[in-house]
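Undergrad: Mind having a look at this structure? Questions to follow.
In structure tokens:
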């Protein structure tokens, strides 16, 4: 059975880079189960970009706006807690994912029944 991989994204004033990351999520060869975004009180166009992306996305997107600023770590933890998939992939607002990122994670999960964590390299 294919794993349900949720993406947990924490945002805060990320409008400058966010669209490029969202485009890389759309380009994934393995479709995510969902994208859960927790915004920590952005004052720029972050929310507008997310709302626009949600209208055309091929996977479900849920956007939560924090009433108070939680900070980087707690904002990610909140996003993770709200995910409904079997696995969670953490996603920074200013990353750009290679098209096979989720596919390679899904393959590792499928090949290792007792896996509890999948690590992947980064290219900087």
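In the working numbering, the protein residues as written are 530 to 653. We put the CB at the ideal spot given by N, CA and C, even for glycine.
As an exercise, report each continuous beta strand (DSSP E) stretch of at least 3 residues that is fully enclosed by the region 578 to 619, in chain order.
TA: 590 to 594
Undergrad: When you compare the CB positions of residue 554 and residue 626, do they come within less than 8 Å of one another, or not?
TA: For the purposes of this step, residue 554 is taken as the residue at position 25 of the chain shown. For the purposes of this step, residue 626 is taken as the residue at position 97 of the chain shown. Against a cut-off of 8 Å, the Cβ pair of residue 626 and residue 554 comes out as a contact.
Undergrad: From the DSSP secondary-structure annotation, give me the bridge partner or partners of residue 627.
TA: Along the chain shown, one-based indexing puts residue 627 at 98. In the DSSP output, where bridge partners are listed per residue, residue 627 has none listed.
Undergrad: Between which two residues does the beta strand (DSSP E) carrying residue 544 extend?
TA: Translated into the one-based positions of the chain shown, residue 544 becomes position 15. Careful: residue 544 lies outside any beta strand (DSSP E), inside the alpha helix (DSSP H) at 544 to 555.
Undergrad: Grouping DSSP H, G and I as helix and E and B as strand, with all else coil, what is residue 633?
TA: For the purposes of this step, residue 633 is identified with residue 104 of the chain shown, where counting begins at 1. Three-state DSSP puts residue 633 in a helix.
Undergrad: Express the C-alpha separation of residue 540 and residue 571 in angstroms, rounding to a whole number.
TA: Sequence index remark: in the chain shown, residue 571 carries index 42 (1-based). Sequence index remark: in the chain shown, residue 540 carries index 11 (1-based). Approximately 7 Å between the Cα atoms of the pair.
Undergrad: Count the other C-beta atoms from every protein chain shown that fall within 10 angstroms of the C-beta of residue 642, then say buried if there are 16 or more, exposed otherwise.
TA: The residue labelled residue 642 in the question sits at position 113 within the chain shown. By the neighbour-count rule (16 or more Cβ atoms within 10 Å), residue 642 is not buried but exposed.
Undergrad: Tell me the DSSP secondary structure of residue 560 in three-state form.
TA: For the purposes of this step, residue 560 is identified with residue 31 of the chain shown, where counting begins at 1. Coil, per DSSP.
Undergrad: Buried or exposed: where does residue 635 fall if 16 or more other Cβ atoms within 10 Å of its Cβ makes it buried?
TA: Here residue 635 refers to the residue found at position 106 when the chain shown is read from its first residue. With 16 or more Cβ atoms within 10 Å of its Cβ, residue 635 is classed as buried.
Undergrad: Run through the DSSP bridge pairs and tell me what residue 535 is partnered with.
TA: For the purposes of this step, residue 535 is identified with residue 6 of the chain shown, where counting begins at 1. Answer is 563 and 617, bridged to residue 535.
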